[in-house]
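Peer 1: Sequence order for the protein chains is W and X.
Numbering-wise, our numbering puts 194 at position 194 of the first sequence, and it's gapless, one number per residue.
Quick note, our numbering runs 1000 ahead of the 1-based positions in the second sequence.
Glycine included, each C-beta is placed from N, C-alpha and C at the ideal position.
Here you go, one structure.
Protein chains: 2
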Amino acid sequence: MGRQLTIKEIAARAGVSSGTVDRVLHNRGKVSPDKEEKVRAILDEIDFKLNIHTSVISIKKNYELVICTPEYSQGEYWGAIDSGIKSALDEFNDLSIVSTHITYDQFDANSCHKAYAQILKQNPDAIILGPIFEQETRSLCQDLDNRGIPYAFVDSTIEGTNPIASLMADQPAGGRLICRLLESFTGTDNEILLCRPKQAGSEQSYNYSKRLNGFYDYVKETGRTGKVKELFFSMDDSEASAQAVISVLKQNPGIKGVAILNSRGYFIADILAEHGLKDIKVASFDLSYNNVRCLKNGSISVLLSQRPMTQGFISVRAIIEQLIYRKKEKTFIKMPIDILMKDNLPFYKDLPL
Amino acid sequence: MGRQLTIKEIAARAGVSSGTVDRVLHNRGKVSPDKEEKVRAILDEIDFKLNIHTSVISIKKNYELVICTPEYSQGEYWGAIDSGIKSALDEFNDLSIVSTHITYDQFDANSCHKAYAQILKQNPDAIILGPIFEQETRSLCQDLDNRGIPYAFVDSTIEGTNPIASLMADQPAGGRLICRLLESFTGTDNEILLCRPKQAGSEQSYNYSKRLNGFYDYVKETGRTGKVKELFFSMDDSEASAQAVISVLKQNPGIKGVAILNSRGYFIADILAEHGLKDIKVASFDLSYNNVRCLKNGSISVLLSQRPMTQGFISVRAIIEQLIYRKKEKTFIKMPIDILMKDNLPFYKDLPL
DNA sequence: CTGTTAGCGCATTCAC
DNA sequence: GTGAATGCGCTAACAG
């Protein structure tokens, strides 16, 4: 495969100037039908691709990117996504992209509403969305579609929208997997406790409910319905939660594994550790700071992660490819669900700082 | 953080010409100490990064890259590494890199010797090595060091060499991990069978022996020495191997898990499946075609993978960064060891085709 | 040693 | 509608 033809060479072949080829390539109009046809014929024949590098350097436009995600503390899931975004922006720093980060309270639809209003006001060239609220997001996306502003989703995707990219894990698969792992760990004879947070937003979250579905699908398929118990706990009252957990485990000595389908595994793990319940395996999601601590000290046996940093990184890259390199294909990726145990933890970069 | 300074602007600040800045940036020499210092001072201060795009288009040189790995069949480990290399070369195709792939028989030191001679004869600009034989590789690398030709390792690294990049997994950690997994799966009361291949090269391989070390380190640490049995099997005589495996399992009903520390897990898994031994958990390495088949049908419970495609990809990128972008830092990465089970398998791209 | 300069391929004016 | 001309930031060759 030899070198590609340049625009100039194509122009020569078509008997036109490079400017005309450029107009055809980018559908800018103002080209007579006959010349256009000539150029297109050649273009089709040789499968012409723009040279990204020269293309980029001759574009002068400054791009505005808005990132809109829930607020987060350091070392948490959304922080990892953000650091992936940052590292991508750093890698592509010669593209003159200006980014703004707008955050909202993931438990307060109104705060999300405000954030979205702010986005529309800013009228950026592209947006990366970490969506929690379906209605609000769908409405925003409609406006964006109308204005022709591209947007990408990280963490989860809202149906009925037209993102140019979507980076998320298969949540039901995550639910199935955590159940399979605990089943393998505890053996088929023993029981599993599913600890569900009472906290407002968390249970309603799209991702959480999908995991729950996957979890119970697996339970049913394997005919272990009787082997799974549930317990609701509140992060706000750790005393009561601790008592509840311990009492359930005392009453059900067959329980050898505990699943927490969000990133609060450490909360339960700490309770178990405090009470010396070392033989109970805990499984949870996300490499948050506290979860990693527990995985290291053995109070959590396994964590599932959906590569938040990678999600952030790819979302930026997808935007750039679409916006600047004019790539047409959309980027829909189901992220791998990584299984983390003590021995392979050190080699994963998607770690909280 | 505003726009980056250009080389010209830096030159102006330092009171030199852009040519001088370029010479400093790329260590081409021929710069007086005082000017060099002035330039470096500014460079450090502003954390200058080359504009990749303009840099690429103005490079005229054609680079020759040689890739040298063991031969492989489709859907195997080395094939995945190769496809990672190919996709990187594809992504960087505007750099005019010509690549040659030389392979050798991983069980025949002489064939490796020949391959290496061929490399030296070709005298390329850079080399990616998948090393098996220590002596031969060390000798080759010495020659390459003398000639100043950069080389990168994939899969494993030979000590006493000076690669510019090394992409490999932590093999002892892999050994530990597979043991921890099987222990978790079988419970502490039961036993584990370690199936070791008799085949010539395989056992001597550096990676294999490191995994073995890690495996037994974990066994010792957890005080389970008495709980681990060993069995040597030969791929050449499946009849005999099958009988041996089955007989060991009959004599030791406490064995509930089987570990294979290379990519031959499917060989044992097929034997177990044939004999209806469904409750015995099998764990092995690598997403080879056959292993994946077994993971899907349930005869293998878990596979460990060291991201061969990613290794291949990064090795090329590291070479390019070193050779073309003249990056100084070397790229030593311990790849994550991915744990694959039935539910998360579909989302991993490091799959055989 | 050092500065100057001609491209690299494309996007974008600006005349015609 | 169209083509010619300019510049993006950097590399490399060349003249001093």
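Can the beta-carbon of X:Q1311 be found closer than 8 Å to that of X:G1084?
Peer 2: Yes, these two residues count as a Cβ contact at 8 Å.
Peer 1: Can you find a CB in chain W that lies within less than 8 Å of the CB of X:L1177?
Peer 2: Yes, because at least one Cβ of chain W sits closer than 8 Å to the Cβ of X:L1177.
Peer 1: Which residues, in order along the segment 1071-1099 of chain X, keep a beta-carbon less than 9 Å from a beta-carbon of chain W?
Peer 2: Taking 9 Å as the Cβ-Cβ cut-off against chain W, the residues of the segment 1071-1099 of chain X that qualify are N1093, D1094 and S1096.
Peer 1: Where do the ends of the alpha helix (DSSP H) carrying W:V248 lie?
Peer 2: Per DSSP, W:V248 belongs to the alpha helix (DSSP H) from S238 to Q251.
Peer 1: Starting from X:I948, find everything on chain W with Cβ-Cβ shorter than 7 Å and list it in chain order.
Peer 2: The requested residue 948 of chain X is not part of the displayed model; chain X covers only 1001 to 1353.
Peer 1: Examine chain W for any beta-carbon lying closer than 8 Å to the beta-carbon of X:N1344, and answer yes or no.
Peer 2: Chain W contact via Cβ: present.
Peer 1: Is W:F354 close to chain X? Criterion is C-beta to C-beta, closer than 8 Å.
Peer 2: In the structure as shown, chain W starts at 1 and stops at 353, and residue 354 of chain W therefore has no counterpart that could be examined.
Peer 1: Using 8 Å as the limit for Cβ to Cβ distance, is X:V1282 near chain W?
Peer 2: Not closer than 8 Å to any Cβ of chain W, the Cβ of X:V1282 fails to qualify, so no.
Peer 1: From the DSSP output, which residues share a beta bridge with W:V24?
Peer 2: None, per the DSSP bridge assignment.
Peer 1: Within the segment 1083-1130 of chain X, note down every full alpha helix (DSSP H) run reaching 4 residues or more, in order along the chain.
Peer 2: Here the runs fully enclosed are 1109-1122.
Peer 1: Leaving aside the five residues before and after X:T1225 along the sequence, list all residues of the same chain whose C-beta is less than 8 Å from its C-beta, in chain order.
Peer 2: Answer for X:T1225: V1219, listed in chain order.
Peer 1: Comparing alpha-carbon positions, which option in W:I7, W:Y325, W:F285 and W:R40 lies nearest W:P308?
Peer 2: Taking only the C-alpha atoms, the option nearest W:P308 is W:F285.
Peer 1: Reducing DSSP to helix, strand and coil, say where W:D44 ends up.
Peer 2: In this structure, W:D44 counts as helix in the three-state DSSP scheme.
Peer 1: Let's see if you can read the secondary structure: which residues bound the alpha helix (DSSP H) around W:E9?
Peer 2: Residues I7 to A14.
Peer 1: So does the segment 1334-1353 of chain X actually touch the segment 1104-1124 of chain X, counting three or more Cβ pairs closer than 8 Å?
Peer 2: With a cut-off of 8 Å, the segment 1104-1124 of chain X and the segment 1334-1353 of chain X do not count as touching, because too few Cβ pairs lie within range.
Peer 1: Quick one: is W:A41 buried, meaning 16 or more other Cβ sit within 10 Å of its Cβ, or exposed?
Peer 2: Exposed, because fewer than 16 other Cβ atoms sit within 10 Å of the Cβ of W:A41.
Peer 1: Using a Cβ-Cβ cut-off of less than 7 Å, list which residues of the segment 304-337 of chain W approach chain X; keep chain order.
Peer 2: Listed in sequence order: K334, M335, P336 and I337.
Peer 1: With respect to the beta strand (DSSP E) encompassing X:T1331, which residues constitute its N-terminal and C-terminal limits?
Peer 2: Counting along the chain, the beta strand (DSSP E) containing X:T1331 begins and ends at T1331 to M1335.
Peer 1: With C-beta atoms as the reference, is W:S301 less than 8 Å away from X:S1184?
Peer 2: The answer is yes: Cβ separation under 8 Å.
Peer 1: Give the residues of chain X in contact with W:M341, contact being defined as C-beta atoms less than 8 Å apart.
Peer 2: Result: L1177, R1180, L1181 and I1339.
Peer 1: Could you check what DSSP says for W:S156 in three-state terms: helix, strand or coil?
Peer 2: DSSP places W:S156 in coil when its eight states are reduced to three.
Peer 1: Candidates W:R196, W:Y151 and W:I178: which alpha carbon is nearest W:N318's?
Peer 2: The amino acid occupying residue 318 of chain W in the given sequence is Ala; Asn does not appear at that position. Closest by alpha carbon: W:Y151.
Peer 1: I need the DSSP call for W:S284, collapsed to helix, strand or coil.
Peer 2: Strand.
Peer 1: Quick one: does X:R1003 have its CB under 8 Å from some CB of chain W?
Peer 2: True, the Cβ-Cβ gap to chain W drops below 8 Å.
Peer 1: If you measure from the beta carbon of X:F1267 to each beta carbon in chain W, is any gap under 8 Å?
Peer 2: For X:F1267, the answer is no, since every Cβ of chain W falls outside 8 Å of its Cβ.
Peer 1: Which residues in the same chain have their Cβ closer than 6 Å to the Cβ of W:V248, if we skip the five residues on either side of it in sequence?
Peer 2: The residues are L231.
Peer 1: Does W:Y104 come within less than 8 Å of chain X when only Cβ atoms are used?
Peer 2: It does not; no Cβ of chain X falls within 8 Å.
Peer 1: State the start and end residues of the unbroken beta strand (DSSP E) segment that holds X:Y1063.
Peer 2: Element bounds for X:Y1063: Y1063 to P1070.
Peer 1: Hey, does X:V1056 have any beta-carbon neighbour from chain W nearer than 8 Å?
Peer 2: True, the Cβ-Cβ gap to chain W drops below 8 Å.
Peer 1: At what residues does the alpha helix (DSSP H) containing X:V1056 begin and finish?
Peer 2: Note, X:V1056: alpha helix (DSSP H), I1052 to I1057.
Peer 1: What are the start and end residues of the beta strand (DSSP E) that includes X:R1196?
Peer 2: Element bounds for X:R1196: E1191 to P1197.
Peer 1: Can you confirm whether the segment 1118-1126 of chain X touches the segment 1043-1051 of chain X when touching is taken to mean that 3 or more C-beta pairs between the two stretches lie within less than 8 Å?
Peer 2: No contact exists between the segment 1043-1051 of chain X and the segment 1118-1126 of chain X.
Peer 1: Are the CB atoms of X:G1298 and X:K1281 nearer to each other than 8 Å?
Peer 2: No, Cβ-Cβ distance for X:G1298 and X:K1281 is not below 8 Å.
Peer 1: Nearest-angstrom Cα distance between X:A1283 and X:L1177?
Peer 2: Roughly 10 Å between the two C-alpha positions.
Peer 1: By the DSSP assignment, the alpha helix (DSSP H) with W:K296 in it spans what residues?
Peer 2: Where W:K296 is concerned, the enclosing alpha helix (DSSP H) stretches over Y289 to N297.
Peer 1: Any idea if W:I97 is buried or exposed, counting beta-carbon neighbours within 10 angstroms, 16 or more meaning buried?
Peer 2: Flag for W:I97 reads buried.
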